[in-house]
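Okay, so here's the structure we're looking at.
Numbering (our numbering), first residue to last: 1054 to 1222.
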């Protein structure tokens, strides 16, 4: 049995179309890349949560969530509790930059190992796990105007690949 959890993320694209991602390590699913984001606070809307999570994880307070890019559900374990997480992912545009401020404690708590900007070509050729796995295709579809949100539904975890067990830097 899994605990339902609501969450939101922001896909931040730089002027060249690269996306900012964190490399996470999770006890159930292992190492993967995902956008900044996380669980919603009580009474918080997904849009509000995406903005708050981006600020907490990157120090960026000047970006607003734009159109809804996609929704999806997936399983993972958070602080020892198996959850089924329903996520809203919003699109945002901003400058290419590094996270700001001392984020060490927040990154440690969330299992964030490092970060980087990914070009569309790098994302399409990625051999590491992405959350959601269809991220490259979803972002490629976001080039349309207007952005048409995609519901990816429930996406089951793939078996861990050899060498992707939890690691620490």
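Glycine residues also receive a C-beta, built at the ideal position from the N, C-alpha and C atoms. Note that the structure is predicted; figures quoted are calculated from it, not measured.
Q. Short check: CB of residue 1086 to CB of residue 1181, under 8 Å?
A. Their beta carbons are under 8 Å apart, which means residue 1086 touches residue 1181 by this criterion.
**Q.** Spatial distance of residue 1185 from residue 1156 (CA atoms)
**A.** CA-to-CA, the gap between residue 1185 and residue 1156 works out to about 24 Å.
Q. How big is the Cα-Cα spacing for residue 1160 and residue 1197?
A. Their backbone Cα atoms lie some 33 Å apart in a straight line.
Q) The beta strand (DSSP E) with residue 1128 in it runs from where to where? A) Run containing residue 1128: 1121-1131, per the beta strand (DSSP E) assignment.
Q. Going by the CB atoms, is the gap between residue 1120 and residue 1143 shorter than 8 Å?
A. The answer is yes: Cβ separation under 8 Å.
Q.
Quick check: what's the CA-CA separation for residue 1217 versus residue 1080?
A. Because residue 1217 sits at a pLDDT of 46, beneath the cut-off of 50, its placement in the model cannot be relied upon, and the point is left open.
Q.
For residue 1203, list the residues DSSP reports as bridge partners.
A. Bridge partners of residue 1203 according to DSSP: 1123.
Q: Determine the direct distance from the alpha carbon of residue 1054 to that of residue 1089, and round the result to whole angstroms.
A: Residue 1089 and residue 1054: Cα-Cα distance of roughly 27 Å.
Q) Taking buried to mean at least 16 other C-beta atoms within 10 Å of its own C-beta, is residue 1132 buried or exposed? A) So residue 1132 counts as exposed.
Q) So what does DSSP say about residue 1165, is it helix, strand or coil? A) Correct three-state label for residue 1165: strand.
Q. Buried or exposed: where does residue 1163 fall if 16 or more other Cβ atoms within 10 Å of its Cβ makes it buried?
A. With a threshold of 16 other beta carbon atoms within 10 Å, residue 1163 meets it and is buried.
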